[in-house]
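Here the structure comes first, spelled out in structure tokens, and everything after it is commentary.
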Amino acid sequence: MILVTGGAGFIGGNFVLDWLKIPSNEAVINLDKLTYAGNLATLESLEGDSRHIFVHGDIGDKDLIDRLLVQYQPRAIVNFAAESHVDRSIHGPAEFIHTNIVGTFHLLESALAYWKSLEGSAKEQFRFHHVSTDEVYGSLSLTDPAFTETHAYEPNSPYSASKAASDHLVRAWFHTYGFPVVTTNCSNNYGPYHFPEKLIPLVILNALNSKPLPIYGDGQQIRDWLFVGDHCSAIREVLARGKLGETYNIGGWNEKANIDVVRTICTILDELKPRVDGRSYAEQITYVTDRPGHDRRYAIDAGKIERELGWRPAETFDSGIKKTIEWYLDNPAWIDGVVSGSYRDWLKKQYD
Ligand code: NAD
Ligand code: DAU
15 MILVTGGAGF IGGNFVLDWL KIPSNEAVIN LDKLTYAGNL ATLESLEGDS RHIFVHGDIG
75 DKDLIDRLLV QYQPRAIVNF AAESHVDRSI HGPAEFIHTN IVGTFHLLES ALAYWKSLEG
135 SAKEQFRFHH VSTDEVYGSL SLTDPAFTET HAYEPNSPYS ASKAASDHLV RAWFHTYGFP
195 VVTTNCSNNY GPYHFPEKLI PLVILNALNS KPLPIYGDGQ QIRDWLFVGD HCSAIREVLA
255 RGKLGETYNI GGWNEKANID VVRTICTILD ELKPRVDGRS YAEQITYVTD RPGHDRRYAI
315 DAGKIERELG WRPAETFDSG IKKTIEWYLD NPAWIDGVVS GSYRDWLKKQ YD
């Protein structure tokens, strides 16, 4: 068994679905608090599959985690659970501190006690895989080299500061207690089941609903984009063969300015689902107030994971974004499920 936390969210959900598609892989205990970002509809195709055990709970609930570890004896924990949206962290950082820092601390405490209780090969093979972000490294200028694993931590938002703190805890548990950890720092993901508060799904849905496509500031901020299935395959590699105590950057070699990402989405939608008036979706682009403290550029040097583990992304941005847009066009029921009252309240707070 493996224990996945946050497996009803965007990346965790994709990871669980992909993991269980591989027949030789073990069963998954999926622990998720089901915050606004957790969605069981993402896991609907696993209904009746005995290899998927869903548990509704908090990574900070030590008693629950202790019980689960004793009961299921997982050979690995993959920790996706987090508050993940930068804009929400600006409006209300408390939940980010609670889950990303304190929650990770409690999870580490339980996992360490469990690991200490193991013996022989079970103890040797156990892994704690912490899923983190490139945002912990801060912001780059246009001419800076991409982030390597040795780049200083310079987080700039409450979200990235909380993720940085959790990375430090994980690192300390390795150095102090010899606890077997690996950490991955990944760039911006996109793909199916992405909650539509993040740029790419928000723009796709707003375009189709004749709403403005909000571009913060001048739209020239740069992100590296990775198709979510590639992130999942990279995590599987690191979990299987990553060196203990190491960190691995994961990226798509796909740096793009936000405005170019949005224009690309408009062009693909113009082909796949033209507007009834025959005009381009690009006409809906609207420049809005910038995000406070908005990081200018992220870029990932994913050379280490390629050299040491032979992993490279399979999708280009062109192939991945087309698949993603097609998925949103083909899955209106999933979208209707997430576009709830609380989602509408968030849009009002953020964009009005
Ligand atoms: P998400 O917000 O879509 O999902 C997070 C999931 O965690 C949700 O299902 C939520 O219910 C669950 N959760 C939140 N608090 C919890 C708690 N206390 N206990 C148990 N479950 C809890 O996030 P995501 O985009 O899927 O990101 C997953 C992880 O990957 C995060 O750690 C994030 O920092 C990291 N990451 C994300 C990206 C990205 O582009 N989305 C890139 C790099 C790294
Ligand atoms: O870099 C990895 C990170 O990527 C992850 O750690 C985070 O969990 C994930 O949310 C993502 O953070 P970003 O802030 O980069 O993603 P977001 O989709 O919110 O924004 C992408 C870029 O688009 C960013 O420069 C802000 C901009 N943006 C975003 C929204 C929601 C807009 O211009 N308009 C918008 O409405």
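Each residue of the sequence shown is one higher than the last, beginning at 15 in this note's numbering.
We treat Cβ as the ideally placed atom computed from N, Cα and C, and that holds for glycine.
Using a cutoff of 6 Å, the CB of Gln235 counts as near the ligand DAU, since one of the ligand's heavy atoms is closer than that. The Cβ-Cβ distance between Pro228 and Val302 falls below 7 Å. No Cβ-Cβ contact shorter than 7 Å links Leu286 with Gly265. Setting aside the 5 residues that flank it on each side, His120 is surrounded in the same chain by Gly74, Lys76, each with a C-beta closer than 6 Å to its C-beta; the list follows chain order. Per DSSP, the unbroken alpha helix (DSSP H) holding Ser135 starts and ends at 134 to 139. Rounded to the nearest angstrom, the Cβ distance from Thr113 to Glu123 is 15 Å, too far for a contact under 8 Å. When secondary structure is reduced to three states using DSSP, Tyr312 falls in the coil class, being assigned neither helix nor strand.
With a threshold of 6 Å, the Cβ atom of Lys363 does not count as near the ligand DAU, since no heavy atom of the ligand is closer than that.
In the three-state scheme derived from DSSP, where H, G and I count as helix and E and B as strand, Ala125 is classed as helix.
Ala271 places its beta carbon less than 7 Å from that of Gln234. DSSP places Lys212 outside both helix and strand once states are collapsed to three, so it counts as coil. Taking 3 residues as the shortest admissible run, the stretch 168 to 248 contains the following complete beta strand (DSSP E) segments, listed from N- to C-terminal end: 195 to 200, 202 to 204, 227 to 230, 236 to 241.
For the ligand NAD, a non-hydrogen atom lies closer than 6 Å to the CB of Leu48.
Only exposed fits Tyr191, as fewer than 16 other CB atoms lie within 10 angstroms of its CB. CA-CA distance, Glu58 to Ser155, rounds to 43 Å. Taken through DSSP and simplified to helix, strand or coil, Ala96 comes out as coil. DSSP places Ala296 in the helix class (H, G or I) of the three-state scheme. At least one heavy atom of the ligand DAU falls within 6 Å of the beta-carbon of Val100. Under the three-state reduction of DSSP output, Leu156 falls in the coil class, being neither helix nor strand.
Under the three-state reduction of DSSP, Val352 is assigned to helix.
Taking all protein chains in view, the Cβ of Glu133 is surrounded by fewer than 16 other Cβ atoms within 10 Å, so the residue is classified as exposed.
Put simply, the stretch 175 to 194 does not touch the stretch 309 to 317. Fewer than three CB pairs are less than 8 Å apart. By the criterion of a C-beta distance shorter than 8 Å, Gly351 is surrounded in its chain by Asn53, Ala55, once the five residues flanking it on both sides are discounted.
Not one heavy atom of the ligand DAU lies closer than 6 Å to the C-beta of Tyr301.
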